[in-house]
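Below is one structure; the comments refer to it alone.
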Amino acid sequence: MVDWCRLVCGVLLGTVALLVLSTIAPPSVAAALNIFTWVNLVLMLSGIAFFLYRMILVNGEIKALTGQITFQTADEMEGWTDGLFYYNQKDAAFMVEKPGGVGYTMNFAHKRAFLYLALIGLPIIFSIFSLILMKFQ
Numbered sequence: 797m798v799d800w801c802r803l804v805c806g807v808l809l810g811t812v813a814l815l816v817l818s819t820i821a822p823p824s825v826a827a828a829l830n831i832f833t834w835v836n837l838v839l840m841l842s843g844i845a846f847f848l849y850r851m852i853l854v855n856g857e858i859k860a861l862t863g864q865i866t867f868q869t870a871d872e873m874e875g876w877t878d879g880l881f882y883y884n885q886k887d888a889a890f891m892v893e894k895p896g897g898v899g900y901t902m903n904f905a906h907k908r909a910f911l912y913l914a915l916i917g918l919p920i921i922f923s924i925f926s927l928i929l930m931k932f933q
């Protein structure tokens with residue numbers, strides 16, 4: 797599964813690179829690059845729709861067999877705040893599956909969670925601070 801994700805990410809980045817190149821390419825080459833970009837976009841969206849459909853089918857089968865979609869213990873369920881934030885010091889896992897819906901979230905009690913939040917938040921704070929400084933100059 798990881799190899800498929802890497803392949804899709806590579807195709808996506810390649811498509812973005814071709815789109816950037818189409819802005820500086822001669823018109824005849826730019827038209828071909830734009831067609832290739834749209835074909836890649838359609839293929840990627842089709843792939844996403846296919847895997848989303850498969851995931852829905854698998855979740856339905858799991859629910860039919862077990863009566864539930866997620867497999868979480870009572871200790872894990874205690875760590876959820878409003879079904880959105882997970883904070884459980886007893887759980888060593890960094891990423892946990894959401895109890896309802898699709899996806900994963902961080903265990904905010906884990907030490908790495910603050911590092912990731914800082915890596916996400918610092919550029920945003922720096923950008924806002926820079927904009928404020930530019931306004932006063």
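Here our numbering runs 796 ahead of the position in the sequence shown, where the first position is 1. For glycine and all other residues, C-beta sits at the position ideal for the given N, C-alpha and C.
On the CB-based measure, 16 or more other CB atoms within 10 Å of its CB, does residue i come out buried or exposed?
{"i": "Val825", "result": "exposed"}
Cβ atoms of residue j and residue i: under 7 Å apart, would you say?
{"i": "Met891", "j": "Tyr900", "result": "yes"}
{"i": "Thr811", "j": "Thr833", "result": "yes"}
{"i": "Leu829", "j": "Leu841", "result": "no"}
{"i": "Asn903", "j": "Ala889", "result": "yes"}
Express the C-alpha separation of residue j and residue i in angstroms, rounding to a whole number.
{"i": "Val838", "j": "Lys886", "result": "44 Å"}
{"i": "Leu937", "j": "Ala860", "result": "Residue coverage of the chain in this structure runs from 797 to 933, which leaves residue 937 outside it and unanswerable."}
{"i": "Tyr849", "j": "Val898", "result": "12 Å"}
{"i": "Tyr893", "j": "Trp876", "result": "It is Glu, not Tyr, that sits at residue 893 in the sequence shown. Cα-Cα distance, rounded: 11 Å."}
{"i": "Leu918", "j": "Gly863", "result": "42 Å"}
{"i": "Gly806", "j": "Ile916", "result": "23 Å"}
{"i": "Leu809", "j": "Leu880", "result": "31 Å"}
Quick check on the DSSP output: the beta strand (DSSP E) that includes residue i runs from which residue to which?
{"i": "Val892", "result": "Met891 to Glu893"}
{"i": "Tyr900", "result": "Tyr900 to Met902"}
Where do the ends of the alpha helix (DSSP H) carrying residue i lie?
{"i": "Leu750", "result": "Examination of residue 750 is not possible in this model, given that the chain is present from 797 through 933 alone."}
{"i": "Ala828", "result": "Pro823 to Thr862"}
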